[in-house]
Structures are given as C-alpha cells and as structure tokens.
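Enquirer: Could you have a look at this structure, given as structure tokens, before my questions?
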Ligand code: SF4
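In the UniProt record's numbering, the protein residues as written are 1 to 669.
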C-alpha cells in the first residue's frame, strides 16, 4: 500500500481557513482531516469539507473541456473539445473584440487562495486592459464600515474570545459558518461567560446561547444606538478611552440620545426591556475583570444600511473601553492584519500601463449584462457561480442567455452558470493544486500542497490563464511564472516561506490586545465616529408602507448549514441532509395564510417567484421568513432559488448587495 500524508488548507469562503491533513492511498485521496497541531483548526474540519473526497471524485466532475452545441435558451448540450481547440477559439474570440473593456472577468471566493484566485488571472486581465470587477458580493459594506471607523478590517484575535465573560454573537450563525470561533465561545461559556445571540433567525447558534434577541432585518444599527443611549444614561462609559481614542464622540452621543429603548424596541421589533437588559449586560462591568467581546458577522450588513450598522456596532467597545483587554473588543474580519504582508504587485497592475478600464460591480451583474454601454461582449467566470448567487437572478439568467455574449466558465461541475457557457474548462480542486492562503478569521498564513495529480484533463486556474495568455500572443515573462514562483511572490519578505512550506502555516506578529492604547489604522490613529447613523432598509413597513401592504414579510436568505454559498449543493450526502429548499415561517404567519407545514409554497414579489417547501418553525420570528440558500437553481423545486426575489440595490457603504433587505408574500404554490 502506497500511503502518504499531505498538508493543505481549506480554500472556502469561511473565516476559519483550516489547516488540512490529506491522506493519499495509491494516488487517491481517501481522507481529509483537520490538523490537530494547528491552533485555529483544533483537529476538526466542518462536515462539508470532511466530504472533500466525495466532492473531488464526484461522478459529475467536469474533467474535459466542453463546447456548447445548443442555444442558450434551450436545455444545455455540450460536446468534448481538445484543450488546444478550446483555447485557440477562446483566444480568437477575445482578440476579435474591438474594445478589451468589453471582456468582463467575474470571480470571487470559490477559492480564497492567492494563487488560484487572481495571481495569474489578474495578470492576464491587466495585460489585456479588460474591465475590472468590483468584488462586493459578500463583505464590502462591512469592510467599508470598518475602514471608515478603524482604518481597516481589524479586530480581536479569535482565540481570545475564550477569555471573555460576555460574548455577543451578532448576525452570525457561528455553528454553521464559523465553527472554530464557536469552539472558543463554548470554552468561555463553560467557564461562566454569558452568550447572547442577536439574529432575526433563531439559529442553531441561538439555541446554544443564554439569550436570543430576534431583531427585524436591517435594524441592527438602531439597536446599537439604543445600547449607546443606555450606556450614556447609566454612566457605563469609559470616558478616558473615548477622550483619548475617539473622534466625533459629541456627534455620536447626540444621535444616540435620540434612541431611547422604546424607540429602539418599536424599530427593531423587540421589547424595551431587551434593549435595557442587553445594555446592562454589556456596559455594567469591569472591563479588565470581565471583558465583553462582540463577534459580528456579515449577515447583518446585507441591508441598505449595512455599512453604517457595522460602524455603530464596531464603536461599542470604544465606549466601554472593552478594547483595553485582549478578550474584549470586536471582530468582524481580521483580513486587515494580513494586508501589509501581501505583495500588492502579485497581479502586476503595472501591465495596465496607465489604462483605467471600466469597473463593473459584481452585485449588479444582471443589470450590467443587460444594460452596460458599451455592452459586455465576453465574460470569463472562475471561482464563482453568479447565476445562482447574484441578486435578482431573473435578470442574471436573461443576461447570461444572450446569444451574443461569449461566456467561458472555469469549473469543477456543471453549475447553473456553466450551463449557460459557450466553453466550460475543467479546473482542479484544492487537492490537485498548489496555493497559499490568508484568513479573515485568524491571523495565520497557510500553504496548500497538491495531494494528487489533476484528475482527467483538469488544470489549475493558473495554468489555464497561462495558456490563454500564450494563445493570445502575450509574451511578458510573468506569464511563465510557475505556481511555486507565484507562491514565493505572494508575500513580503516577512513571511518565512521555507517554514511555511514545511509546517503548513505561519503566524503573523499581531499584538495580543492591539487597541488597548488606541492606535487604530486611521490617519490620526483615532477611531472615527463622525457620520455613523442608522440607515433604514430600502424595503420595510416603515420606509415603503405601500409595498409592505402587498408584500408584508421580510425575507432573509442565510446559508443552509450543509452548503457554503452555492458550493456543496451537488454533493449528494450533504444535499440529502438538507432535503429540499425550504422557507421557514412562524406559526402565526402560516396560520394567517392557512399554510401547513410541508406545503409547497411560493415566495414572491414584483421581481420573481421562488418555490420551496414550507417549514413552520420557531426559527422564524413573526413577520420574517427565512429562505435558506443558496441552492442551485436546477436542483431546486422549479428551477429557481432564493435570489429570484432579491434586488440589486446597493448598501450605504461599499456598494454591496442588500440580500436581506427584501419584502415578499408567501402563498401556496
Ligand atoms: S469551510 Fe471553514 S470550517 Fe469548514 S473546513 Fe473550511 S475553513 Fe474549516
């Protein structure tokens, strides 16, 4: 038996960025496990990634280049084609376009790796002068909120949550989407900490917390202002920390004083006592003896006011001085810590040679494909499945169905997007290629070694873009860099690459309590509170009463536990656990519509109609339905998914989508 162990890193869009241990037997991966010796992985992977061999050796893997032979409005039919033929044809089609800005790259976090992400792809787009992509679909509202407030996406160390005495888990179903943080939170709980979950949905995480506060979607900023009101009214402020380290306090203080608990309760759909109790738990404590920590996550910023909501929540530790303790403060994303260690020239921006191609926002790709002027004439999709994940999918589908749009998709499977491609190019999985990773949950960098050779004719993204560059006649030596060379170029000299290759990870040098004495990454080192305010939803009973009369239910679309965005939906063992697409509804809302548990229902609004199975469940609060996502459309009940009803309006900061700012009605289908 020929058996070996290979060290890897999980590539998925998850803050945990686990260190993996891959067991290969006779050149086939038989097991993927978490590395016990990696401090942030604790030897455990989530259920999804534990099934990685099943995903890699899936019978439906795309293992050969495919060329479309049907119309885009017909059932998709493809025929195999050689790599040489596919690349020659793609290169000829792209070169024939008169304006390179009409070539649209489209990619996101299907892999978070720096090498198989944008390292070689970015070089190609820069050399061509292709359109740029504003990568906003997940995190840019919160990222912009943190950037305005603290200068970057910075926060506490995940591991220090274990030492907190109060943990507020705000907009995060950690058990599903941040498992290794949950391990630390659980440790704190065992040692006496109180855990409070703030989330419109009663999640699996809320089940395990001491208290759940079910706010209406998009009202988190109002709750944060209400907490500030109570901190001020009760004198639970660290005025010394505020004076030394916060700009704009007088302005913020005046705003907060307008949000008494009764006003907050009416806006957020909770009780005034919940506001007062939460403020007392958070504010009435000795910061050094009993630190309070907030784990904020991206769900709550997927509304019109998401950027400002993040600002307001993120400022709370400044008011109480919680930052003084390593186990106090907040964490949304740690990715700002690794930014100084990354090579800003990896994608070779110099190849643009002064050109400034247009920027297209990935969150409005539906409108862009239908309305951009000049039109998008070619789109190259990699590490993403926009037909499933982008908002307002009726428009996205229509855009991708354009017969005059030349579409190339690099993929592992025939996703909803691949089904609408002219060419599908087989890409390797994480087990078949080399990569390096940073994390937005912890502060280590990791290396992923290939465990087995590429399956079939699959190639790493880097190799596909290398060969495409050659086919297009690009001769810059940078297109000959190997993946090993790209890995060596990915970081600054501060990262010990030899140690990274051997151990599999390297920690970054970050202070234990980084803001104990201020020192934020803003120009003057002070937190910026000026301008932060509550911004109400685009769609709600308060802002659009006429619309709410027709569509009275707010809908959020958090991820199903066994899927990661749209990844893993086609892994049968995981899909079997999920069963079928469901919409969770509170019993009172179901009774008012005479809908029974298990009924086939449609959530609809003026944009579209999404069919799912109704689950009457206490996980939904009155007035809010939860459409768990993100199912592939073709694996759904009627060829749609939850993005059938979401819209393309953007957040207050960061130009991000407002997925959870959405009104619907639900009826029997
Ligand atoms: S998805 Fe997250 S929890 Fe699961 S293995 Fe990857 S990094 Fe770890």
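Beta carbons: idealized from backbone N, C-alpha and C, even for Gly.
Which class does residue 206 belong to by DSSP, given the choice of helix, strand or coil?
Expert: Taking the first residue of the chain shown as 1, we reach residue 206 at position 206. If DSSP states are grouped into helix, strand and coil, residue 206 belongs with the helices.
Enquirer: Which partner residues of residue 32 appear in the DSSP bridge assignment?
Expert: On the chain shown, position 32 is the one that residue 32 refers to. DSSP lists 22 as partners of residue 32.
Enquirer: Going by C-alpha distance, which of 5, 155 and 391 is nearest residue 514?
Expert: As a working mapping, residue 514 is identified with position 514 in the chain shown. Ranking the options by Cα distance to residue 514, first place goes to 155.
Enquirer: How big is the Cα-Cα spacing for residue 81 and residue 461?
Expert: Taking the first residue of the chain shown as position 1, residue 81 is located at position 81. Taking the first residue of the chain shown as position 1, residue 461 is located at position 461. Taking the straight line from one Cα to the other gives about 18 Å.
Enquirer: Please go through the same chain and pick out, in chain order, the residues whose beta-carbon is closer than 7 Å to the beta-carbon of residue 244, but skip the five residues on each side of it.
Expert: By 1-based counting over the chain shown, the position of residue 244 is 244. Once the five neighbours on either side are set aside, the close Cβ partners of residue 244 are 518.
Enquirer: For a test of your reading of the model: does the CB of residue 138 fall under 8 Å from any non-hydrogen atom of the ligand SF4? Yes or no.
Expert: Here the question's residue 138 lines up with position 138 in the chain shown. Checking the Cβ of residue 138 against the ligand SF4 gives no.
Enquirer: Where does residue 252 sit, in a helix, a strand or coil, going by DSSP?
Expert: Counting from one through the chain shown, the residue named residue 252 turns up at place 252. Residue 252 falls in the helix class under three-state DSSP.
Enquirer: Would you say residue 15 touches the ligand SF4, meaning its beta carbon is less than 8 Å from a heavy atom?
Expert: Reading the chain shown from its first residue, position 15 is the one you call residue 15. Yes, the beta carbon of residue 15 sits closer than 8 Å to at least one heavy atom of the ligand SF4.
Enquirer: Between residue 66 and residue 423, how many whole angstroms is the CB-CB distance? I'm expecting something under 8 Å.
Expert: Here the question's residue 66 lines up with position 66 in the chain shown. Here the question's residue 423 lines up with position 423 in the chain shown. Confirmed, about 7 Å.
Enquirer: Please state the DSSP three-state secondary structure of residue 491.
Expert: Within the chain shown, residue 491 is the residue found at index 491, counting from 1. Strand, per DSSP.
Enquirer: Whose C-alpha, out of 472, 473, 429 and 440, is nearest the C-alpha of residue 453?
Expert: Taking the first residue of the chain shown as 1, we reach residue 453 at position 453. When only C-alpha atoms are compared, the closest one is 429.
Enquirer: Taking the alpha helix (DSSP H) that residue 435 falls in, what are its first and last residues?
Expert: Numbered from 1 along the chain shown, position 435 holds the residue referred to as residue 435. Not the alpha helix (DSSP H): residue 435 falls in the beta strand (DSSP E), residues 435 to 437.
Enquirer: By the 10 Å Cβ neighbour count, where 16 or more other Cβ atoms means buried, how is residue 509 classified, buried or exposed?
Expert: Position 509 of the chain shown, counted from the start, is the residue given in the question as residue 509. The residue is exposed, with fewer than 16 neighbouring Cβ atoms inside 10 Å.
Enquirer: Would you report the Cα separation of residue 314 and residue 222, rounded to the nearest angstrom?
Expert: If you number the chain shown from 1, residue 314 lands on position 314. If you number the chain shown from 1, residue 222 lands on position 222. Cα-Cα distance, rounded: 13 Å.
Enquirer: Within the present structure, is the beta-carbon of residue 42 separated from the nearest heavy atom of the ligand SF4 by less than 8 Å?
Expert: The sequence position of residue 42 within the chain shown is 42, counting from 1. It does not: the Cβ of residue 42 is nowhere closer than 8 Å to a heavy atom of the ligand SF4.
Enquirer: Apply the 10 Å Cβ neighbour rule to residue 644 and answer buried if 16 or more other Cβ atoms are within range, or exposed otherwise.
Expert: Numbered from its first residue, the chain shown carries residue 644 at position 644. Buried, by the Cβ-count rule.
Enquirer: What does the Cβ neighbour count give for residue 178, buried or exposed, with the cut at 16 atoms within 10 Å?
Expert: For the purposes of this step, residue 178 is identified with residue 178 of the chain shown, where counting begins at 1. Classification for residue 178: buried.
Enquirer: Pair every Cβ in the region 134 to 153 with every Cβ in the region 654 to 661, then say whether three or more of these pairs are closer than 8 Å.
Expert: yes
Enquirer: Is residue 628 helix, strand or coil by DSSP?
Expert: Mapped onto the chain shown, residue 628 falls at position 628. In this structure, residue 628 counts as coil in the three-state DSSP scheme.
Enquirer: Alpha carbons only, please: which of 202, 220, 219 and 218 is nearest the one belonging to residue 212?
Expert: Taking the chain shown and counting its residues from 1, one reaches residue 212 at position 212. Comparing Cα-Cα distances from residue 212 to each of 202, 220, 219 and 218, the minimum goes to 202.
Enquirer: For residue 34, verify whether its CB is less than 8 Å away from any heavy atom of the ligand SF4.
Expert: Locating residue 34 in the chain shown gives position 34, counting from the first residue. In this structure, the ligand SF4 has a non-hydrogen atom nearer than 8 Å to the beta-carbon of residue 34.
Enquirer: Measuring CB to CB, does residue 58 end up less than 9 Å from residue 180?
Expert: The residue you call residue 58 lines up with position 58 of the chain shown. The residue you call residue 180 lines up with position 180 of the chain shown. Cβ distance not < 9 Å, so residue 58 and residue 180 don't count as in contact.
Enquirer: Please tell me whether, using a cut-off of 8 Å, the distance from the CB of residue 29 to the nearest non-hydrogen atom of the ligand SF4 is below it.
Expert: The sequence position of residue 29 within the chain shown is 29, counting from 1. False, no ligand heavy atom lies under 8 Å from that Cβ.
Enquirer: Once you ignore the five residues that flank residue 413 on each side, which residues in its own chain have a CB closer than 8 Å to its CB?
Expert: As a position in the chain shown, residue 413 is number 413, starting the count at 1. Here the set comprises 58, 60, 61, 62 and 570.
Enquirer: Who are the near neighbours of residue 408 in its chain, counting only those whose CB is closer than 6 Å to its CB and skipping five residues on each side?
Expert: The count along the chain shown starts at 1 and reaches residue 408 at position 408. Excluding sequence neighbours, residue 408 sits near 90, 380 and 423.
Enquirer: Measuring straight from C-alpha to C-alpha, what distance separates residue 26 and residue 319?
Expert: To locate residue 26, count along the chain shown from 1; it is residue 26. To locate residue 319, count along the chain shown from 1; it is residue 319. Cα-Cα distance, rounded: 59 Å.
Enquirer: If you drop the 5 nearest sequence neighbours on each side, which residues of the same chain put their C-beta closer than 6 Å to that of residue 584?
Expert: For the purposes of this step, residue 584 is identified with residue 584 of the chain shown, where counting begins at 1. Same-chain partners within the cutoff: 615, 617, 619, 620 and 626.
Enquirer: Between the Cα of residue 101 and those of 116, 133 and 87, spot the shortest distance and give me the residue it belongs to.
Expert: Here residue 101 refers to the residue found at position 101 when the chain shown is read from its first residue. Cα-wise, what sits closest to residue 101 is 133.
Enquirer: Assuming residue 115 contacts residue 351 under a Cβ cut-off of 8 Å, what Cβ separation, rounded to an integer in Å, is found between them?
Expert: Looking up residue 115 in the chain shown gives position 115. Looking up residue 351 in the chain shown gives position 351. Rounded, the Cβ-Cβ distance is 18 Å, inconsistent with contact.
Enquirer: Just verifying my parser: in three-state terms, what is the DSSP assignment at residue 261?
Expert: For the purposes of this step, residue 261 is taken as the residue at position 261 of the chain shown. Reduced to three states, the DSSP call for residue 261 is helix.
Enquirer: If I measure Cβ to Cβ from residue 99 and keep anything under 7 Å in the same chain, skipping five residues before and after, which residues do I get?
Expert: In the chain shown, residue 99 corresponds to position 99, counting from 1. Hits under 7 Å: 374.
Enquirer: Under a Cβ-count criterion, where at least 16 other Cβ atoms within 10 Å of its own Cβ denotes burial, should residue 69 be classed as buried or exposed?
Expert: By one-based count along the chain shown, residue 69 stands at place 69. With fewer than 16 other Cβ atoms within 10 Å, it is exposed.
Enquirer: Nearest CA to the CA of residue 18: which residue from 446, 105, 385 and 86?
Expert: Residue 18 sits at position 18 when you count from the first residue of the chain shown. Looking at the Cα atoms, 446 is the closest of the given residues.
Enquirer: Looking at C-beta atoms only, is the number of pairs between the region 535 to 544 and the region 143 to 159 that lie closer than 8 Å three or more?
Expert: no
Enquirer: Could you give the uninterrupted runs of the alpha helix (DSSP H) lying entirely in the region 111 to 168, keeping only those of 4 residues or more?
Expert: 120 to 128 and 140 to 150
Enquirer: Would you report the Cα separation of residue 35 and residue 20, rounded to the nearest angstrom?
Expert: Walking along the chain shown from the start, residue 35 turns up at place 35. Walking along the chain shown from the start, residue 20 turns up at place 20. Roughly 5 Å between the two C-alpha positions.
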